[in-house]
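There are 2 protein chains.
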Amino acid sequence: MSDKKRASDFVDEERLWARQMYLATFGETSKGGVNRQALSAEEIEARKLLMDWSAEIGLTAFIDDIGNLFFRRDGTDPALAPVMTGSHIDSQPTGGKFDGSYGVVAAFEAIQAIIDAGLELKRPVEVAVWLNEEGSRFAPGMMGSEAYAGVRSLDDMLPVTDREGVSVKDALPAALAATPDATHREFGCPVFAFLEAHIEQGPVLEAEEKVVGVVTGIQGVRRMRVRVTGEEAHAGTTPTAERKDAIQAASKIVTELYEQINEDPQTKFTIGMMNITPNVPSVISSEVLFSIDIRHENSEYLEKMAVRTEAICAEFGDVCKVEAWRIAESDSVYFDDRMTAAVEEACVALKTPYRRMFSAAGHDARQLSYICPTAMIFVPCEKGISHNEAENATPGDLRDGAKVLADVLTKLGNDTDTNTKEV
Amino acid sequence: MSDKKRASDFVDEERLWARQMYLATFGETSKGGVNRQALSAEEIEARKLLMDWSAEIGLTAFIDDIGNLFFRRDGTDPALAPVMTGSHIDSQPTGGKFDGSYGVVAAFEAIQAIIDAGLELKRPVEVAVWLNEEGSRFAPGMMGSEAYAGVRSLDDMLPVTDREGVSVKDALPAALAATPDATHREFGCPVFAFLEAHIEQGPVLEAEEKVVGVVTGIQGVRRMRVRVTGEEAHAGTTPTAERKDAIQAASKIVTELYEQINEDPQTKFTIGMMNITPNVPSVISSEVLFSIDIRHENSEYLEKMAVRTEAICAEFGDVCKVEAWRIAESDSVYFDDRMTAAVEEACVALKTPYRRMFSAAGHDARQLSYICPTAMIFVPCEKGISHNEAENATPGDLRDGAKVLADVLTKLGNDTDTNTKEV
Numbered sequence: 000m001s002d003k004k005r006a007s008d009f010v011d012e013e014r015l016w017a018r019q020m021y022l023a024t025f026g027e028t029s030k031g032g033v034n035r036q037a038l039s040a041e042e043i044e045a046r047k048l049l050m051d052w053s054a055e056i057g058l059t060a061f062i063d064d065i066g067n068l069f070f071r072r073d074g075t076d077p078a079l080a081p082v083m084t085g086s087h088i089d090s091q092p093t094g095g096k097f098d099g100s101y102g103v104v105a106a107f108e109a110i111q112a113i114i115d116a117g118l119e120l121k122r123p124v125e126v127a128v129w130l131n132e133e134g135s136r137f138a139p140g141m142m143g144s145e146a147y148a149g150v151r152s153l154d155d156m157l158p159v160t161d162r163e164g165v166s167v168k169d170a171l172p173a174a175l176a177a178t179p180d181a182t183h184r185e186f187g188c189p190v191f192a193f194l195e196a197h198i199e200q201g202p203v204l205e206a207e208e209k210v211v212g213v214v215t216g217i218q219g220v221r222r223m224r225v226r227v228t229g230e231e232a233h234a235g236t237t238p239t240a241e242r243k244d245a246i247q248a249a250s251k252i253v254t255e256l257y258e259q260i261n262e263d264p265q266t267k268f269t270i271g272m273m274n275i276t277p278n279v280p281s282v283i284s285s286e287v288l289f290s291i292d293i294r295h296e297n298s299e300y301l302e303k304m305a306v307r308t309e310a311i312c313a314e315f316g317d318v319c320k321v322e323a324w325r326i327a328e329s330d331s332v333y334f335d336d337r338m339t340a341a342v343e344e345a346c347v348a349l350k351t352p353y354r355r356m357f358s359a360a361g362h363d364a365r366q367l368s369y370i371c372p373t374a375m376i377f378v379p380c381e382k383g384i385s386h387n388e389a390e391n392a393t394p395g396d397l398r399d400g401a402k403v404l405a406d407v408l409t410k411l412g413n414d415t416d417t418n419t420k421e422v
Numbered sequence: 000m001s002d003k004k005r006a007s008d009f010v011d012e013e014r015l016w017a018r019q020m021y022l023a024t025f026g027e028t029s030k031g032g033v034n035r036q037a038l039s040a041e042e043i044e045a046r047k048l049l050m051d052w053s054a055e056i057g058l059t060a061f062i063d064d065i066g067n068l069f070f071r072r073d074g075t076d077p078a079l080a081p082v083m084t085g086s087h088i089d090s091q092p093t094g095g096k097f098d099g100s101y102g103v104v105a106a107f108e109a110i111q112a113i114i115d116a117g118l119e120l121k122r123p124v125e126v127a128v129w130l131n132e133e134g135s136r137f138a139p140g141m142m143g144s145e146a147y148a149g150v151r152s153l154d155d156m157l158p159v160t161d162r163e164g165v166s167v168k169d170a171l172p173a174a175l176a177a178t179p180d181a182t183h184r185e186f187g188c189p190v191f192a193f194l195e196a197h198i199e200q201g202p203v204l205e206a207e208e209k210v211v212g213v214v215t216g217i218q219g220v221r222r223m224r225v226r227v228t229g230e231e232a233h234a235g236t237t238p239t240a241e242r243k244d245a246i247q248a249a250s251k252i253v254t255e256l257y258e259q260i261n262e263d264p265q266t267k268f269t270i271g272m273m274n275i276t277p278n279v280p281s282v283i284s285s286e287v288l289f290s291i292d293i294r295h296e297n298s299e300y301l302e303k304m305a306v307r308t309e310a311i312c313a314e315f316g317d318v319c320k321v322e323a324w325r326i327a328e329s330d331s332v333y334f335d336d337r338m339t340a341a342v343e344e345a346c347v348a349l350k351t352p353y354r355r356m357f358s359a360a361g362h363d364a365r366q367l368s369y370i371c372p373t374a375m376i377f378v379p380c381e382k383g384i385s386h387n388e389a390e391n392a393t394p395g396d397l398r399d400g401a402k403v404l405a406d407v408l409t410k411l412g413n414d415t416d417t418n419t420k421e422v
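Just so you know, the protein sequences line up as chains D and X, in that order.
The opening residue of the first sequence carries number 0 in numbering that gives the first Met the number 0; numbering runs sequentially from there.
The opening residue of the second sequence carries number 0 in numbering that gives the first Met the number 0; numbering runs sequentially from there.
Structural data, given as structure tokens:
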């Protein structure tokens, strides 16, 4: 890093916070949160805002076939692959102002700081905005980063439908059409390195009074669906012995799963979605479709729990039919040592209190780590609350995260070492 | 009954079946069932069909403020209150062709048979079509008959909303406007007697090869709602010990309730609806709102089970908040002896195999029984299946039920005895 000028000195807390708050008005909820689900009208409007920011700073916009946006500041050597930073702007239906958005706002802030510092970097630096990280409207999420990294094909994603039966294929054209000034880009274009800034979504940094989490990896996850099929019948007339009550059977399975799979306190086991058919008070339910989300840092143990989950579901197929299947699975990933070291060094240089930590939540950085050296920068969020409209963070913490980001980007932007797993 | 001509001889199986099948096209589903929920576009179109039938037969149409329809054939003595027969045309979202509809079609057929037989009755005879019996869109149901009988006030019903937030007040004007030729009628106009024909919705008649069930009463019911309030949080990051998972808590309660409240095999215990917030896979649920429907012929035992249900819910309020409340409750009702005797006599005269039976399902006849002598006529349905698109019945059974109905209406239409609980 140059001794003369540091990009971090040009990170502007007020400008960052103003952008963060303005972005939060797109899909804002009455409880102070955000409902800006992937490819919704609100998310599409927010894309136009990013185009405006890009134009203000003088970046060049690109878009790929799944709607990932990229905003590029050119480097001095056109032969070099870009350093990329960013996150996502889609939210949970009752999400907060910072999840994902912070990584995008911090990326713009860091690049603007590099420009304001007058630093010319050899490599291009890009803001990446990945489509549908959350997966609450179109499940499973991570579509943008998975498509880009070649983890899942576009053809697998396009038929996915939301609750109203609208498919990704139906919803995508409006998003693609919203940014006519963005140049088309292919999936998998080479990336030198990827850095994602994000709120921690957990209580550790706040409790330990650290400002930055140097993220060393992401815990593995198994995502499953279970369908319990019973038989629709009249609630008032059908004798108990003749019933095939899907809610009754599903509740037993759910209760048993929570008891058995939660054994190890490190396990995160969640059933967050239950869709019931026909879901009316006076009809015995004919179907319950529910989600399972299991996470654990130890990939071997995680797989054991997934297998046990399947076995428990199978045990309950006496009265109703029970089918369980996996929709997404990933083992724990560990980020590139040189990347985490670079983040750590920036924290030291900036005297920012930090700690190394493992990410319990999934992030687009997982997918990028398959194709290039990757790391993440966590900042604290209030009480660790996330996926909740009450999600909060302080302007100062967000600023300090962006400072670290700006300096690491500067370093990587001048790194001409190609001895990496760059594709 | 006149020895010369019996209305039952003029009941036309083909005409009745044709009407039944035509009505079933309003809201027909791909699986052969009907989705014609109260005040839906399909239900409103079906109202116009009934207006057509009424005009064809020469009846006069009336409508009240909740959208109940009445089709009247005048009697010879304008001073006498009408004999009323009918049921409802709204269905469950995945309902069948006969539930409710049969009682309306049979009512039209019986009156037309009386007219075709050339029988002039002293009393008016009316087809009644009660609004929102099912209560699956706007809960609880029985709105039309409850409003008419003064059991519940219109003001209590108008604010009730469906899942999309549309209230009865919002949806009603379109239904009222659909039948401009119907004259306005006040709630609670005197009724001399009420008869409702309906499919059994249970397996007894078919199993015993009876064609008519002489219904002696309706079992009591307790309808409740339970709200389990947890705390929305990230599925991947929130430690198990800190979670307030509403689905986890609700599943425990549901499992416990099914075990404890189902003790007596005569009890019908159903949880048919569970609405989850936010209902997405990667967020710990903050709320589950579920329905409870308990029915038992013994009103005292039924109340005991309702109290026990409330106690069980209260026991589970450790991690999440649990609130249980009643939305509708009724004890078993027993129909007027002279009415059930009249139905029985008609069966004997027509040599129709019958049995006396208690109704496990709720019906509009319950509310009418509070204001006038009431009875019901059940006909068999295939395997007892109802509240299901596979609901089925035979043309011959439907005809035989309508024959009994026509002859009992004839008898009551000439009954000038006012020593009843007529209002």
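Beta carbons are placed, not taken as given, at the ideal position from N, Cα and C, and that holds for glycine.
Being a predicted model, the structure only gives us computed values, none of them experimental.
query: Where Ile110/X falls: helix, strand or coil (DSSP); result: helix
query: From Thr415/X, Val403/X, Phe61/X, Asp414/X, residue whose alpha carbon lies closest to that of Arg5/X; result: Val403/X
query: Chain X residues whose Cβ lies nearer than 7 angstroms to that of Glu231/D; result: Thr93, His386, Asn387
query: Cβ pair Ala360/X, Thr373/X closer than 8 angstroms; result: no
query: Per-residue DSSP class, three states only, for Thr156/X; result: One detail in the question is off: residue 156/X reads as Met in this sequence, not Thr. Helix at Met156/X.
query: Cα-Cα separation, Lys420/D to Cys371/D; result: Here Lys420/D scores only 48 on pLDDT, less than 50, and its place in the model should not be relied on; the value that follows carries that caveat. Answer to the nearest angstrom: the Cα atoms are 6 angstroms apart.
query: Contacts that Asn297/X makes with chain D (C-beta to C-beta distance below 7 angstroms); result: By Cβ distance, chain D contributes nothing, its closest Cβ being about 15 angstroms from Asn297/X, past 7 angstroms.
query: Selected residue, minimal CA-CA separation from Pro189/X, among Ser331/X, Arg221/X, Pro81/X, Asp169/X; result: Pro81/X
query: Within 8 angstroms of chain X by C-beta, residues of the region 124-143 of chain D in sequence order; result: Glu133, Gly134, Ser135, Ala138, Pro139, Gly140
query: Beta-carbon proximity of Gln259/D to Ile311/D, cut-off 8 angstroms; result: yes
query: Residues from the region 193-209 of chain X in contact with chain D, defined by Cβ distance under 9 angstroms; result: Glu199, Gln200, Gly201, Pro202
query: 8 angstroms Cβ cutoff, Thr351/D in contact with chain X; result: no
query: Option nearest Phe315/X by Cα separation, candidates Ile246/X, Ala138/X, Ala45/X; result: Ile246/X
query: Proximity winner among Leu397/X, Asn67/X, Val124/X, Phe97/X, relative to Arg184/X (alpha-carbon distances); result: Asn67/X
query: Residue closest to Ile283/D, alpha-carbon to alpha-carbon, out of Asn274/X, Lys267/X, Glu286/X; result: Lys267/X
query: Residues that Thr182/X bridges to, as DSSP identifies them; result: Phe61/X
query: Beta-carbon neighbours of Met50/X, restricted to chain D and to distances below 7 angstroms; result: Those do not exist, as Met50/X stays about 28 angstroms from chain D at its closest Cβ, beyond 7 angstroms.
query: Beta-bridge pairing of Met223/D - partner residues as DSSP gives them; result: Ile291/D, Arg325/D
query: Spatially closest choice to Gln200/D from Cys380/D, Thr239/D, Val126/D, by CA coordinates; result: Cys380/D
query: is_contact[Lys168/X, chain D] using C-beta, thresh 8 angstroms; result: no
query: Rounded straight-line distance, which links the Cα of Gly400/D to that of Val466/D; result: With chain D represented from 0 up to 422, any question about residue 466/D goes unanswered, as that position is not in the structure.
query: Under 9 angstroms from the C-beta of Ser368/X: neighbouring residues of chain B; result: Here chain B cannot be found, since the structure's protein chains are D and X.
query: Cβ-based burial, Glu230/X [other Cβ within 10 Å; buried from 16]; result: buried
query: Residue-level contact to chain X via CB, Lys303/D, 8 angstroms cutoff; result: no
query: Separation of Asp11/D from Pro394/D, as counted between CA atoms; result: 10 angstroms
query: CA nearest to the CA of Asp89/X, picked from Thr269/X, Ala78/X, Ser39/X, Glu125/X; result: Ser39/X
query: Near the ligand FAD: Gly57/X beta-carbon under 7 angstroms from a heavy atom; result: You won't find the ligand FAD in this model; it holds no ligand whatsoever.
query: Neighbour flag for Tyr333/D against chain X, beta carbons, 8 angstroms; result: no
query: DSSP state of Ser100/X mapped onto helix, strand, coil; result: helix
query: 8 angstroms contact criterion, which Gly212/X and Arg354/X should meet: CB distance rounded; result: 6 angstroms
query: Spatial distance of Asp336/X from Leu367/X (CA atoms); result: 15 angstroms
query: Residue from Gly74/X, Leu130/X, Arg35/X whose Cα sits closest to the Cα of Ile110/X; result: Gly74/X
query: Trp324/D classed as buried or exposed, judged by whether at least 16 other C-beta atoms fall within 10 angstroms; result: exposed
query: Residue-chain proximity (Glu421/D, chain X), Cβ-Cβ < 8 angstroms; result: Note on Glu421/D: pLDDT 42, under 50, position unreliable in the model; the coordinate value appears next. With 8 angstroms as the cut-off, Glu421/D does not count as an interface residue toward chain X.
query: 9 angstroms Cβ cut-off: residues of chain D touching Arg222/X; result: Pro280, Ser281
query: Interface flag, Met156/D vs chain X, CB-CB below 8 angstroms; result: no
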